[in-house]
Amino acid sequence: MKYCKKCKHIHNDGDQHCPDCKVQLVDVSDNNTPVYLLSASGFELERVKSALNDSGIPSDAVLKKDSSADAGMGCDFSEYDLLVPFQAYEKAYDVCVGIGAIKEENEKILDEDVTVPTNSGVKPADEQFEEMSGAKRTTVKVVSAILFLLLVAAVIYGTDFITGFIKNLFG
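Residue numbers 0 to 170, in numbering that gives the first Met the number 0, belong to the letters of the sequence shown in order.
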């Protein structure tokens with residue numbers, strides 16, 4: 000296997016130069032050589048690191064793209080490259096596929112329990128609902144907000160009525 004010393008990506012033995020960095024590729028000489036696994040940030044980064052740690056795979060996050068606005072917001076939205084030792088790359092890759100952090104090429108995620116009956120008169124799920132126009136969507140939102148406010152008012156007035164009724168019984 001060959002890898003790029005600059006971006007740490009793994010490449011096929013037939014490749015001579017990294018397609019991204021244009022740097023000449025070198026053979027992986029040491030099994031502890033850090034190689035690129037994926038890029039992530041925030042919660043996703045912590046989720047992947049935790050899964051790798053649970054599997055006994057050491058990892059290191061290297062800052063990829065810094066965002067200066069993060070300091071003012073108090074949270075880290077910076078993009079990190081996650082590196083793992085070359086010897087653990089395949090296992091780490093499998094762990095990431097298992098938790099859904101990496102999607103393999105041509106992979107289709109299917110729910111085997113759901114079947115759409117044929118010839119039963121039921122439309123498939125994507126044909127059951129029509130697309131709403133902007134005006135209709137706005138109308139639905141406004142009516143929903145009014146109904147919610149009426150529900151809250153009914154609960155408040157109902158509670159007040161019941162409290163007053165109980166107060167009159169004992170007072």
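Here a beta-carbon is modelled for each residue, glycine too, at the ideal position from N, C-alpha and C.
Being a predicted model, the structure only gives us computed values, none of them experimental.
Outcome for residue i when other beta-carbon atoms lying within 10 angstroms are tallied against a minimum of 16
i, result
"V83", "buried"
"D110", "The pLDDT assigned to D110 is 48, lower than 50, so where the model puts this residue is not dependable, and the model offers no usable value."
"L150", "exposed"
"V94", "buried"
"T32", "buried"
"S58", "buried"
"L146", "exposed"
"L148", "exposed"
"I56", "buried"
"K5", "exposed"
"I108", "Below a pLDDT of 50, predicted positions are generally treated as unreliable, and I108, at 49, falls in that range; the measurement from the model is reported next regardless. Exposed is the call here."
"F164", "exposed"
"L36", "buried"
"L62", "exposed"
"L51", "buried"
"I155", "exposed"
Range covered by the alpha helix (DSSP H) that runs through residue i
i, result
"E89", "Y88 to I98"
"V141", "G133 to F169"
"S49", "G41 to D53"
Delimiting residues of the beta strand (DSSP E) encompassing residue i
i, result
"D80", "E78 to P84"
Assumed close pair residue i, residue j - CB separation to whole angstroms, cut-off 8 angstroms
i, j, result
"F85", "V34", "5 angstroms"
"H16", "V22", "7 angstroms"
"N90", "S49", "According to the sequence shown, residue 90 is Lys rather than Asn. Their Cβ separation, rounded to whole angstroms, is 15 angstroms, which puts K90 and S49 out of contact at 8 angstroms."
"E78", "S38", "6 angstroms"
"D12", "K1", "6 angstroms"
"I101", "Y92", "7 angstroms"
Residue i - partner residues in DSSP beta bridges
i, result
"A60", "L81"
"Q23", "H16"
"K1", "H10 and D26"
"L173", "There is simply no residue 173 to check, as the chain begins at 0 and stops at 170 in what is shown."
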